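Q: Residue numbers (numbering that gives the first Met the number 0), protein chains in the order written: chain R, 0 to 197; chain D, 0 to 95; chain S, 0 to 646.
Ideal Cβ placement from N, Cα and C applies to all residues, glycine included.
What you are looking at is a predicted structure, and each value in this text was computed from that prediction instead of being measured.
Following this message is one structure expressed as structure tokens.
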Amino acid sequence: MKIDNSLPLEYSTEENQTKILGFWIFLGAEIMLFATLFASYFVLVDRTGSGPTGAEIFEITPVLIETIVLLTSSFTIGLAIHAMRIGNKKAMMAFLTTTLLLGAGFLGVEIYEFVHYVSIGAGLQTSAFTSILLLTLGTHGAHVTFGLFWGLFILMQVRKQGLTPETANKSFIFSLYWHFLDVVWIFIFSFVYLKGMM
Amino acid sequence: MKELFPAKQVMGFVFSMILTVTALSVYFLEMSFTVGITILLVTAFIQAGLQLVVFMHAGETKDKGAIYTNVYYGLIIALATVFGTLLTMIWGYQIP
Amino acid sequence: MDFFDRFAVPHPSPAIYASMVAIGLTVVAIIAGLTYFKKWGYLWREWLTTVDHKRIGIMYLISALLMLFRGGVDAIMMRAQLAVPENGLLDAQHYNEVFTTHGLVMIIFMAMPFVIAFMNFVVPLQIGARDVAFPRLNALSFWLFFMGAMLLNISFVIGGSPDSGWTSYFPLAGNEFSESVGTNYYMFALQISGLGTMITGINFITTILKMRAPGMTLMKMPMFTWSTLVTNVIIVFAFPVLTVALLMGTMDRLFATNFFTTANGGMDMLWANLFWVWGHPEVYILILPAFGIYSEVISTFARRNLYGYKSMVGSMVIISLLSFLVWTHHFFTMGQGALTNSIFSITTMAIAVPTGVKIFNWLFTLWKGKIEFTVPMLYSIGFIPIFTIGGVTGVMLGMSAADYQYHNTMFLVAHFHMVILPGVVFAMLAGLTYYWPKMFGFKLNERIGKWAFWFISINTLVTFMPMFISGLDGQARRMYTYSESTGFGIWNMISFIGAIGLAIGFALIVYNVYYSIRYSPRNIGSDPWDARSLEWATHSPVPEYNFAQVPHVNSSEAFWDSKKNGHVLYKGELEKIHMPNNSGMPFIMACIFFLWGFAFIFAMWTTVIITTIGIFACLAHRSFEQDHGRYISVREIEETEKKLRGA
């Protein structure tokens, strides 16, 4: 394996560069996945049947908490990558742990939100609007959940193996994933919640 | 400690918080739908671009051409799908 | 017994019972054969765990040929049922199931793997690479596709086939009108194989962007590689739409959500919309690689370099964008106003322009060429006039106002078969014949191949031309019978005769494979067609590392240059070669996916939970696994090379 020391660790081998590019292309597919959900959401948003509308069920407080928590976690994963690049393993692990804890916090609030919706009669089966609302939020939430496990595995590997071209590459790819989830959330925050409550 | 918080990323974070607060104005202030949706579109896309460039390091290797092409291509197709679907299913749909 | 009741077929017939017995016997025969000949170890080591792109390509090819047979039997059954008025061969339900699986099998499980087979086999060789970017994901892609295909294929003997058309429109496909598990099979078979295709897309884009031989810039890639790149871009951006649509359809059926229902605000037309947002790009996913194969074949056998390389590339890139902007033309008559329909009419007609550019480029390549009429070349030349008939009728259908006349008639059926047969199937048969010697080291017999070509091309016209007429006369598609007074009888009888002719043509190809295995000469060298690009610059069959040394490239026809213009392909010494290790994980994971899909289809929730955990356990295993591949030493390479040169 040829290691190019002029580049950051995560790019240092051909294989690593290939993996990063491959992951970017995967993110391209994810853009379309969420775009399809958004397209469906906009078609179905006013088709509430006998169920409630968005304005009737959305609450600003949990949404705001989720947004700030997720934006902060996106910031901390960025710091983790920065720490990784200056070779500070301890700081990198601390930032990654913070990110995962914030992610878990986000998920907790989201679960609260879901339980709340169901309890006030806006369940998965209530209307086309609630179906697509919960599917869109749920798909994002499932991505976050998946990311928590993934991040945890990477944390364990960094702890055991240190910062190698392999673990650095995995961490960097994970950071791309996490930032992307943040981007998706921004669109959910703007065009599902704020537009719905406007 | 200072070296762990590079100015670029801190500024990026502060800026994204400002954008969030700006977007929130559509909830707290009275405004027309057009103004509101314009604010949301502008803040959301700037926010997304910010993540892409500052946090995701999209442009730092020789693959940046491929990466940006990929993202822009995705964006174009995504917008075409969203607006095309709206055109077909809502704006141009005649059966209630 | 209650547990087993759910697996019963809802509309049994003697034919289905006979199929059950036949499938059972085949499985027993395969297991017995493998055990008797002690081939289990060989199967596992050499095929089930392989990550070699060439072997994966060949497995795709075999699957595609098997599915071609299955879909072909469906087609013959349909044509036989319609051959005479008021025929009683199939009842309405059975006919519905047959046309549904015919469409699904032919598009998703025949054409797709056929195309992907060539991508796998040819692209790494054409760009001078040792394998694809992610060999293990490539194996996973194949096995996911394969398990999806198997899932669909067991549907008709376990629980019932899907029966609401390959488009599966809601509310017809909803629980209210499709009570059997058939549509669940549809959802999961497509979801699982679609996931595999998605991964293929990412894999090949990365491969082409990152693993080209030194000197091969993007504009020096052979045309098939270009078409693969563009196709995979379309795959990556189109398949997520299908994923979401299938997810929503599944939830409607299993969890009583209201996406596509007709109550509580659900919108059935949204399914049609999303289906075709994916479905139209899908058409181009099939046709672009076919165009790539035609480009290779035509320039090889016209003995000229491809005319208009840049315009070929440009037109494909334009097609890739436009293919996402035309989907509404599949349902012009289903509720949009004149403005929307006009917009999509215009984009539809615009896409004919880049396609026309490509046709003219091929014609100009042929112009003043020294044309050699081999079998692949016959298919490539036969394609042009027949495809043009399909193309111009497509423009007729694309005019939204006129479409009200043709929509859902046999005219439409004739149109898309006239596009897909010459466009995709001919190309696949051309590719099969053209790349056969590279895959197996001997050629298919030319004489039998030519007979097969004439049978297939003439009978394509005999089968589908009458449908244009009966369609204009008003024969609707998907109707299982018609009365004598309609006058459709004669046209459908001609179609049936054509279908028999097509079947004979395909049978000839099967015979040709058998004949050539027995009698074809083996000493044909590595370049039997006097071809132009890098895949012919290594031995046939290809050694596992593809090229002993990485080739150096200076044009899109590097091998031709090395033969005629003294270009040096291989520079420097042999070096040890890094190769990926085989792995059983993709196969195991795909098997778990199969069980997962099956459990979902029959709503067996405990199994669903267990298999879901299984899938994530595989992913976790992969995350922690350390596998740095292996090296092939210089000595081993030298030995292999000597043996291959001697043979």
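(1) To the nearest whole angstrom, what separates the beta carbons of T66 (chain R) and F188 (chain R), a pair I think is in contact under 8 Å?
(2) Measuring straight from C-alpha to C-alpha, what distance separates G70 (chain S) and V62 (chain R)?
(3) Starting from the C-beta of F290 (chain S), find all residues in its chain whose C-beta is less than 7 Å away, skip the five residues before and the five after it, and write them out in chain order.
(4) Using a Cβ-Cβ distance cut-off of 8 Å, determine whether G336 (chain S) contacts chain D.
(5) Give the interface partners of A82 (chain R) over in chain D, defined as CB-CB distance under 7 Å, in chain order.
(6) Give a yes or no on whether the C-beta atoms belonging to A237 (chain S) and P288 (chain S) are separated by under 8 Å.
(7) Which residues does DSSP list as the beta-bridge partners of M578 (chain S)?
(8) Alpha carbons only, please: which of S:V541, S:L573, S:A536, S:E543 is nearest the one belonging to F558 (chain S)?
(9) Using the three-state DSSP reduction, which class does T387 (chain S) fall into: helix, strand or coil?
(10) Compare the C-alpha of D267 (chain S) against each of S:G173, S:T242, S:T408 and name the closest.
(11) Grouping DSSP H, G and I as helix and E and B as strand, with all else coil, what is T408 (chain S)?
(12) I'd like to know whether the C-beta of T60 (chain D) is nearer than 8 Å to at least one C-beta of chain R.
(13) When you compare the CB positions of S341 (chain S) and S399 (chain S), do they come within less than 8 Å of one another, or not?
(14) Quick one: give me the first and last residue of the alpha helix (DSSP H) that R54 (chain S) is part of.
(15) Measuring only between beta-carbons, confirm whether V122 (chain S) sits less than 8 Å from chain R.
(16) Is T408 (chain S) close to chain R, meaning its C-beta is less than 8 Å from at least one C-beta of that chain?
(17) Could you tell me the distance, in whole angstroms, from the CA atom of G166 (chain R) to the CA atom of A57 (chain D)?
(18) Which bits of chain D does Q160 (chain R) rub up against, with CB to CB less than 7 Å?
(19) State the Cα-Cα distance for the pair L43 (chain R) and W366 (chain S), rounded to the nearest angstrom.
(20) Hey, how far is the Cα of Y71 (chain D) from the Cα of V50 (chain S)?
(21) Short check: CB of P465 (chain S) to CB of S494 (chain S), under 8 Å?
(22) Going by DSSP in three states, Y192 (chain R) sits in which element: helix, strand or coil?
(23) Where does A475 (chain S) fall in DSSP's three states?
(24) Does DSSP classify Y168 (chain S) as helix, strand or coil?
(25) My understanding is that R531 (chain S) touches S298 (chain S), with C-beta atoms under 8 Å, so please give their C-beta distance in whole angstroms.
(26) With respect to 7 Å, is the separation between the Cβ of N86 (chain S) and the closest non-hydrogen atom of the ligand MG below this value?
(27) Quick one, are the C-beta atoms of I388 (chain S) and M417 (chain S) less than 8 Å apart?
(28) Which residues share a DSSP beta bridge with Q16 (chain R)?
(29) Where do the ends of the alpha helix (DSSP H) carrying E96 (chain S) lie?
(30) Just the chain S side, please: which residues come within less than 7 Å of Y67 (chain D) by C-beta, in chain order?
(31) Does DSSP put Q335 (chain S) in a helix, a strand or coil?
(32) Less than 8 Å between the CB atoms is what I'm expecting for H538 (chain S) and S525 (chain S), so what's the real figure, rounded?
(33) If you compare alpha carbons, which of S:H406, S:V424, S:I499 is closest to L471 (chain S)?
(34) Could you tell me which of S:E624, S:G430, S:A619, S:L501 sits nearest to F120 (chain S), measuring between CA atoms?
(35) Along the alpha helix (DSSP H) that carries F236 (chain S), what are the first and last residues, could you check?
(36) With which residues is Y92 (chain D) paired in a DSSP beta bridge?
A: Per the coordinate set shown:
(1) Numbered from 1 along the first sequence, position 67 holds the residue referred to as residue 66 (chain R). Numbered from 1 along the first sequence, position 189 holds the residue referred to as residue 188 (chain R). The C-beta distance from T66 (chain R) to F188 (chain R) rounds to 5 Å, short enough to meet the 8 Å contact threshold.
(2) Here the question's residue 70 (chain S) lines up with position 71 in the third sequence. Here the question's residue 62 (chain R) lines up with position 63 in the first sequence. Those two C-alpha atoms are separated by around 51 Å.
(3) For this step, residue 290 (chain S) is matched to residue 291 along the third sequence. Within the same chain, F290 (chain S) has close Cβ partners S226, K357.
(4) Counting from 1 along the third sequence, the entry for residue 336 (chain S) is found at position 337. Interface residue, yes.
(5) As a first step, residue 82 (chain R) must be located in the first sequence, where it is residue number 83. Under the 7 Å cutoff, chain D gives L3.
(6) Taking the first residue of the third sequence as position 1, residue 237 (chain S) is located at position 238. Taking the first residue of the third sequence as position 1, residue 288 (chain S) is located at position 289. Cβ atoms of A237 (chain S) and P288 (chain S): not closer than 8 Å.
(7) Counting from 1 along the third sequence, the entry for residue 578 (chain S) is found at position 579. For M578 (chain S), which the question treats as bridged, DSSP gives the partners S:R629.
(8) Against the third sequence, residue 558 (chain S) aligns to sequence position 559. Nearest of S:V541, S:L573, S:A536, S:E543 to F558 (chain S), Cα basis: S:A536.
(9) As a working note, residue 387 (chain S) is residue 388 in the third sequence. In the structure shown, T387 (chain S) sits in a helix (DSSP, three-state: H, G or I).
(10) Translated into positions along the third sequence, residue 267 (chain S) becomes position 268. That would be S:G173, whose Cα lies nearest to the Cα of D267 (chain S).
(11) Translated into positions along the third sequence, residue 408 (chain S) becomes position 409. Three-state result, T408 (chain S): strand.
(12) Along the second sequence, read from residue 1 onward, the residue named residue 60 (chain D) stands at position 61. At a cut-off of 8 Å between beta-carbon atoms, T60 (chain D) makes contact with chain R.
(13) Counting from 1 along the third sequence, the entry for residue 341 (chain S) is found at position 342. Counting from 1 along the third sequence, the entry for residue 399 (chain S) is found at position 400. S341 (chain S) is a Cβ neighbour of S399 (chain S), given a cutoff of 8 Å.
(14) For this step, residue 54 (chain S) is matched to residue 55 along the third sequence. From DSSP, the alpha helix (DSSP H) with R54 (chain S) extends over 52-81.
(15) Residue mapping note: residue 122 (chain S) aligns to position 123 of the third sequence, counting from 1. At a cut-off of 8 Å between beta carbons, V122 (chain S) makes no contact with chain R.
(16) The sequence position of residue 408 (chain S) within the third sequence is 409, counting from 1. Chain R contact via Cβ: absent.
(17) Locating residue 166 (chain R) in the first sequence gives position 167, counting from the first residue. Locating residue 57 (chain D) in the second sequence gives position 58, counting from the first residue. The question names Gly, but residue 166 (chain R) is Thr in the sequence shown. Going from the Cα of T166 (chain R) to the Cα of A57 (chain D) covers about 20 Å.
(18) Along the first sequence, one-based indexing puts residue 160 (chain R) at 161. Result: empty, since nearest Cβ-Cβ is about 22 Å, beyond 7 Å.
(19) Position 44 of the first sequence holds residue 43 (chain R). Position 367 of the third sequence holds residue 366 (chain S). Going from the Cα of L43 (chain R) to the Cα of W366 (chain S) covers about 55 Å.
(20) For the purposes of this step, residue 71 (chain D) is taken as residue 72 along the second sequence, with counting starting at 1. For the purposes of this step, residue 50 (chain S) is taken as residue 51 along the third sequence, with counting starting at 1. When rounded, the distance between both Cα atoms is 32 Å.
(21) Counting from 1 along the third sequence, the entry for residue 465 (chain S) is found at position 466. Counting from 1 along the third sequence, the entry for residue 494 (chain S) is found at position 495. Yes, they are a contact pair.
(22) In the first sequence, counting from the first residue as 1, residue 192 (chain R) sits at position 193. If DSSP states are grouped into helix, strand and coil, Y192 (chain R) belongs with the helices.
(23) Stepping through the third sequence from its first residue, residue 475 (chain S) is reached at position 476. DSSP places A475 (chain S) in strand when its eight states are reduced to three.
(24) In the third sequence, the residue the question calls residue 168 (chain S) occupies position 169. In the three-state scheme derived from DSSP, where H, G and I count as helix and E and B as strand, Y168 (chain S) is classed as coil.
(25) Indexing the third sequence from 1 puts residue 531 (chain S) at position 532. Indexing the third sequence from 1 puts residue 298 (chain S) at position 299. That belief holds up - the Cβ atoms of R531 (chain S) and S298 (chain S) are roughly 6 Å apart, short of 8 Å.
(26) Absent from the structure shown: the ligand MG. Ligands present: none.
(27) Translated into positions along the third sequence, residue 388 (chain S) becomes position 389. Translated into positions along the third sequence, residue 417 (chain S) becomes position 418. One thing to note: I388 (chain S) has its Cβ within 8 Å of the Cβ of M417 (chain S).
(28) Sequence index remark: in the first sequence, residue 16 (chain R) carries index 17 (1-based). Answer by DSSP bridge pairing: none, since Q16 (chain R) is not bridged.
(29) The residue given as residue 96 (chain S) occupies position 97 in the third sequence. For E96 (chain S), the enclosing alpha helix (DSSP H) stretches over residues 91-103.
(30) Translated into positions along the second sequence, residue 67 (chain D) becomes position 68. What Y67 (chain D) touches in chain S: nothing, since even the nearest Cβ is about 13 Å away.
(31) In the third sequence, the residue the question calls residue 335 (chain S) occupies position 336. If DSSP states are grouped into helix, strand and coil, Q335 (chain S) belongs with the strands.
(32) Within the third sequence, numbered from 1, the residue matching residue 538 (chain S) stands at position 539. Within the third sequence, numbered from 1, the residue matching residue 525 (chain S) stands at position 526. Confirmed, Cβ separation roughly 5 Å.
(33) In the third sequence, counting from the first residue as 1, residue 471 (chain S) sits at position 472. The candidate whose alpha carbon is nearest that of L471 (chain S) is S:H406.
(34) Residue 120 (chain S) sits at position 121 when you count from the first residue of the third sequence. For F120 (chain S), the nearest C-alpha among the options comes from S:G430.
(35) Your numbering for residue 236 (chain S) matches position 237 in the third sequence. Going by DSSP, F236 (chain S) is part of the alpha helix (DSSP H) stretching over 222-254.
(36) By one-based count along the second sequence, residue 92 (chain D) stands at place 93. According to DSSP, Y92 (chain D) shares a beta bridge with S:Q335.
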